[in-house]
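**Q**
Protein chains in written order, with this note's numbering: chain A, 29 to 176; chain B, 1253 to 2006.
1) Just verifying my parser: in three-state terms, what is the DSSP assignment at residue 1997 of chain B?
2) Whole-angstrom Cβ separation of residue 1717 of chain B and residue 1755 of chain B, contact assumed at under 8 Å?
3) Going by other Cβ atoms of all chains shown within 10 Å of its Cβ, with 16 needed for buried, is residue 1561 of chain B buried or exposed?
4) Name the residue from B:1606, B:1731, B:1771 and B:1654 whose alpha carbon lies nearest to the alpha carbon of residue 1691 of chain B.
5) Could you tell me the distance, in whole angstroms, from the CA atom of residue 167 of chain A to the CA atom of residue 1973 of chain B?
6) Is the distance from the Cβ of residue 1555 of chain B to the Cβ of residue 1504 of chain B below 8 Å?
7) Between residue 1313 of chain B and residue 1303 of chain B, which are expected to be in contact by the criterion C-beta below 8 Å, what is the C-beta distance as a whole number of angstroms?
8) Sort B:1736, B:1337 and B:1394 by Cα distance to residue 1375 of chain B and report the nearest one.
9) Shortest alpha-carbon distance to residue 1428 of chain B belongs to which of B:1805, B:1791 and B:1306?
10) Can you tell me whether residue 1554 of chain B is helix, strand or coil according to DSSP?
11) Assign residue 1729 of chain B to one of two classes, buried (16 or more other C-beta atoms within 10 Å of its C-beta) or exposed (fewer than that).
12) Throw me the rounded Cβ distance for the residue 1975 of chain B and residue 1872 of chain B pair, which I believe falls under 8 Å.
13) With 7 Å as the C-beta to C-beta threshold (strictly closer), list the residues of the region 104-134 of chain A near chain B in chain order.
14) Extract the residue ranges of the beta strand (DSSP E) inside the region 1374-1419 of chain B, only unbroken runs of 3 or more that lie entirely within it.
15) Anything in chain A within Cβ reach of residue 1469 of chain B, meaning under 7 Å, just list it in chain order.
16) For the region 1601-1653 of chain B, list the alpha helix (DSSP H) runs that are entirely contained and at least 4 residues long, ordered along the chain.
17) Using a Cβ cut-off of 9 Å, which residues of the region 1650-1682 of chain B contact any Cβ in chain A, in chain order?
18) Can you say whether residue 1861 of chain B is buried or exposed, counting buried as having 16 or more other CB atoms within 10 angstroms of its CB?
19) Have a look at residue 1744 of chain B and residue 1751 of chain B and give me their C-alpha separation to the nearest angstrom.
20) Indicate the three-state DSSP secondary structure (helix, strand or coil) for residue 1296 of chain B in the structure shown.
21) Note down, in chain order, every chain B residue with its Cβ under 9 Å from the Cβ of residue 44 of chain A.
22) Evaluate residue 1296 of chain B with the Cβ neighbour count: other Cβ atoms within 10 Å of its Cβ, from every protein chain shown; 16 or more gives buried, anything less gives exposed.
23) If you draw a straight line from the C-alpha of residue 1765 of chain B to the C-alpha of residue 112 of chain A, how long is it?
24) Hey, does residue 1508 of chain B have any beta-carbon neighbour from chain A nearer than 8 Å?
25) If I follow the unbroken beta strand (DSSP E) through residue 1304 of chain B, where does it start and stop?
26) Rounded to whole angstroms, what's the CA-CA distance from residue 158 of chain A to residue 1618 of chain B? Just pull it up for me.
27) Below 8 Å on the Cβ atoms is my guess for residue 1675 of chain B versus residue 1785 of chain B; work out the distance and round it to an integer in Å.
28) Between the alpha carbons of residue 30 of chain A and residue 1487 of chain B, how many angstroms are there, rounded?
29) Please give the ranges of any beta strand (DSSP E) in the region 1691-1730 of chain B, keeping only runs that are unbroken, at least 3 residues long and fully inside the region.
30) Can you look up residue 125 of chain A in the DSSP assignment and give me helix, strand or coil?
31) Alpha carbon to alpha carbon, how far is residue 1672 of chain B from residue 1332 of chain B? Give it in angstroms, no decimals.
32) Return no unless some Cβ of chain A is closer than 8 Å to the Cβ of residue 1699 of chain B.
33) Does DSSP put residue 141 of chain A in a helix, a strand or coil?
34) Quick check on residue 172 of chain A: does DSSP put it in helix, strand or coil?
35) Check the Cβ-Cβ distances between residue 175 of chain A and every residue of chain B, and say whether any is below 8 Å.
36) Taking CB distances under 8 Å as the criterion, tell me whether residue 154 of chain A reaches chain B.
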């Protein structure tokens, strides 16, 4: 099956019901997308499918075929997306494990809602867990990336 | 981009330097660091540079690059952004230019168990000493070259400076000469005020790697030929495989091998739980293979464990006199003669760590050597456990520490690392053991399940004249030593034995509580339930006597003084392994954080403004933290934690930003335990499986503001990773009481354990 991830075409030999998460991590070698729960409960595996945030752990590979998949590695060149810059400047990450998923979800939010309120942010990121508890800095960083 | 790790790359470099050989020129093996960008930042990177390496922690190349080893695991506390900066400051290196590499498990670094909030409090002075030795040698080298007295030379910005002549020599230019000098046993430390970066908001060293997906966690390691294993474990601790039919599993595409693991024998320790491993080409095949196993279990002796009936057993234990652990005066007599008695019982269920990254380890066996990459809090313990399991000498086991996607105490016990080593041997190939979320929730080392009964005697004026505290919970000691049924002194030293009480009659007793599942350390450990009970109860005493909760708290803690064991009716106090001379239990510091937090929160004006505030204070891991939580109601009338104030006195702070971040995070972590967390057990097996039934606090529930006040101090540092958690739950429940008049005594709020 042919997949396009971060603009690069891959020919993947696997069952077409294999979740995109495992295709990315184990077959293509893009490990920035994380496994956290396997049931779309934590958001650590969030990637973009045609710009929309999806949970790759419950997205069968066949659903991604023919669509543009973007992972954290492809969000920007060298971490220059405004969200990535804001995340570093405000020191958002603690352990960092959930942050790729948080950023991918927030990037999809900003693409649709360039000036989100705190309620918009809470609503969009409701599916992204952070056990370290960095939520307040996540809110601040999304606002910072959105700009004045 | 595959994160490919070459063995050569890891074995070369600073990690192999030994203390005895460290002095002098070392030409290190060349390697292709460029091939492994993320992993390379975690491990000693090969270099062709000759170096000055006076000890295992510091390496200075003739190019002037200062490399500092972080020997403590990074699990979100920000240690890689903190401790290396302290070394740089003491050395005179520019912290913005240092390279930090992660130390392997190796006894040459001393203790590496990243637990107990010890990384800074136990290493502040030793790491300064290490850096001061290197600085002294660089100064001696410069003094010799310039033929001037060493005493007038200083270091800063990666150079030795002579203020008298204005001359400067970079560390790189001095590395060769410094390396030829004898290493002094000790060196004078700088005056602390010269540590110019200490006490400031320092940048996140790994920030860019975290936000680009380059940071390598345990699950991100890829070795040539590596297989992935997922394990079906017995649902009950010390259960055994009864029947296995693996035919369907072996037909799953990608499944290579099915392996039964050895059955553990009590006590549990760090032994794997046994079960059946499905080894496959990739994670998905291993997971599907496990689902296709036809397996039955013999539950064994723990099948009778039911956490609901166990709650009753614990409550029965604290309703009767138990083993005496602290006594001053005669509390029973004072209670009998009191004008009024207030009593309350508190129950905290089992909790689990739920780090976002479930446990994972990668092992490769090559002849008589084993090499492991894993997210461990304690690489030396992992090294010992793997060596023992394989029957290898310890020196033939290498543990590389990756980033940890959260630890919270779970990753201090290396059962999952041993699994990877055993399966790598069984498979004849490198194996990654991936725990699923379901595994993490169902097979943890749980926070203990506790009941506590508190009773206070009040005189006619409402003064507390008697205090009786009874506790029962399974001890962590029983995970490692059979037949322990009472909490240890160390466990009780977390807010019970060390609690200042200006009360003439005090009695503390413990009841028996046998262990039936694996109990482990979870962030803040027994401080969690002990602070919850004590700080709730003091607020209950305030309510009973219609006093302001802060006034009652100050009255119970009593006047400014330092606490001696004799004050507590004890021979000694554990004090988190620290001396009472250096880290006294100082009631004035309780007062200071209470004063600071209530001032910031507008405590005195709270009633006028209609806000419901709750206050709690707790000392743990040598730091003093006070919390005020503000609780209100959301649009549908639901209770909401609207904002919080935290005041912390942690002694000297290296990185104020990471300390703030830890305290903010601790509040949210504490909210999960207060509001949601409960592991329940039926017929010996954990009932929860994932975040749907072990919910964590989500962003919408997090307060809109958390205000952190840090007390300026140049005293010895205390811990910071854990002390923020214990006061959170009681502060929230004290606020809920202020808002609703309801008193919550059983955690969590949203789900009664009984």
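The beta carbon of each residue, even a glycine, is placed where N, CA and C say it ideally should be.
**A** Taking the structure as given:
1) Here residue 1997 of chain B corresponds to residue number 745 of the second chain, with the count starting at 1. Coil, per DSSP.
2) As a working note, residue 1717 of chain B is residue 465 in the second chain. As a working note, residue 1755 of chain B is residue 503 in the second chain. Right, their Cβ atoms sit about 7 Å apart.
3) For the purposes of this step, residue 1561 of chain B is taken as residue 309 along the second chain, with counting starting at 1. Answer is exposed; the Cβ neighbour count stays below 16.
4) Taking the first residue of the second chain as 1, we reach residue 1691 of chain B at position 439. Answer by Cα proximity: B:1606.
5) Start at 1 with the first residue of the first chain, and residue 167 of chain A comes out as number 139. Start at 1 with the first residue of the second chain, and residue 1973 of chain B comes out as number 721. Looking at the two C-alpha atoms, the distance is approximately 22 Å.
6) Along the second chain, one-based indexing puts residue 1555 of chain B at 303. Along the second chain, one-based indexing puts residue 1504 of chain B at 252. Not a contact, by the Cβ cut-off of 8 Å.
7) Position 61 of the second chain holds residue 1313 of chain B. Position 51 of the second chain holds residue 1303 of chain B. Sure, about 5 Å apart at Cβ, within 8 Å.
8) Against the second chain, residue 1375 of chain B aligns to sequence position 123. The option with the nearest alpha carbon to residue 1375 of chain B is B:1337.
9) On the second chain, position 176 is the one that residue 1428 of chain B refers to. When each option's Cα is compared against that of residue 1428 of chain B, the closest is B:1306.
10) Sequence index remark: in the second chain, residue 1554 of chain B carries index 302 (1-based). Note: residue 1554 of chain B maps to helix in three-state DSSP.
11) Within the second chain, residue 1729 of chain B is the residue found at index 477, counting from 1. Classification for residue 1729 of chain B: buried.
12) Taking the second chain and counting its residues from 1, one reaches residue 1975 of chain B at position 723. Taking the second chain and counting its residues from 1, one reaches residue 1872 of chain B at position 620. About 5 Å; that satisfies the 8 Å criterion.
13) 107, 112, 115, 116, 119, 121, 122, 123, 124, 125, 126, 127, 128 and 131
14) 1406-1408 and 1411-1414
15) Indexing the second chain from 1 puts residue 1469 of chain B at position 217. Near residue 1469 of chain B (Cβ distances below 7 Å), the residues of chain A are 125.
16) 1631-1642
17) 1655, 1656, 1657, 1658, 1659 and 1660
18) Start at 1 with the first residue of the second chain, and residue 1861 of chain B comes out as number 609. Burial call: exposed.
19) In the second chain, the residue the question calls residue 1744 of chain B occupies position 492. In the second chain, the residue the question calls residue 1751 of chain B occupies position 499. Those two C-alpha atoms are separated by around 10 Å.
20) Working through the second chain from its first residue, we reach residue 1296 of chain B at position 44. The predicted model places residue 1296 of chain B with a pLDDT of 47, which falls under 50 and marks its position as unreliable, so this point remains unresolved.
21) Taking the first residue of the first chain as 1, we reach residue 44 of chain A at position 16. Within 9 Å Cβ-Cβ: nothing; residue 44 of chain A doesn't reach chain B, min ~12 Å.
22) In the second chain, the residue the question calls residue 1296 of chain B occupies position 44. Low confidence applies to residue 1296 of chain B: its pLDDT is 47, below 50, so where it sits in the model is not reliable enough to give any reading.
23) In the second chain, residue 1765 of chain B corresponds to position 513, counting from 1. In the first chain, residue 112 of chain A corresponds to position 84, counting from 1. Rounded to the nearest angstrom, the two C-alpha atoms are 49 Å apart.
24) If you number the second chain from 1, residue 1508 of chain B lands on position 256. No - not a single Cβ of chain A is within 8 Å of the one on residue 1508 of chain B.
25) The residue labelled residue 1304 of chain B in the question sits at position 52 within the second chain. Its beta strand (DSSP E) spans residues 1303-1307.
26) Walking along the first chain from the start, residue 158 of chain A turns up at place 130. Walking along the second chain from the start, residue 1618 of chain B turns up at place 366. If I take the Cα positions, the gap works out to 38 Å.
27) Working through the second chain from its first residue, we reach residue 1675 of chain B at position 423. Working through the second chain from its first residue, we reach residue 1785 of chain B at position 533. Rounded, the Cβ-Cβ distance is 43 Å, inconsistent with contact.
28) Here residue 30 of chain A refers to the residue found at position 2 when the first chain is read from its first residue. Here residue 1487 of chain B refers to the residue found at position 235 when the second chain is read from its first residue. So the alpha carbons of these two residues sit roughly 40 Å apart.
29) 1702-1710 and 1716-1724
30) For the purposes of this step, residue 125 of chain A is taken as residue 97 along the first chain, with counting starting at 1. DSSP places residue 125 of chain A in coil when its eight states are reduced to three.
31) On the second chain, position 80 is the one that residue 1332 of chain B refers to. On the second chain, position 420 is the one that residue 1672 of chain B refers to. So the two alpha carbons sit approximately 27 Å from each other.
32) As a working note, residue 1699 of chain B is residue 447 in the second chain. No - not a single Cβ of chain A is within 8 Å of the one on residue 1699 of chain B.
33) Start at 1 with the first residue of the first chain, and residue 141 of chain A comes out as number 113. In the structure shown, residue 141 of chain A sits in coil (DSSP, three-state: anything other than H, G, I, E or B).
34) Here residue 172 of chain A refers to the residue found at position 144 of the first chain. Correct three-state label for residue 172 of chain A: helix.
35) Against the first chain, residue 175 of chain A aligns to sequence position 147. With 8 Å as the cut-off, residue 175 of chain A does not count as an interface residue toward chain B.
36) Within the first chain, residue 154 of chain A is the residue found at index 126, counting from 1. Yes, residue 154 of chain A counts as interfacial toward chain B.
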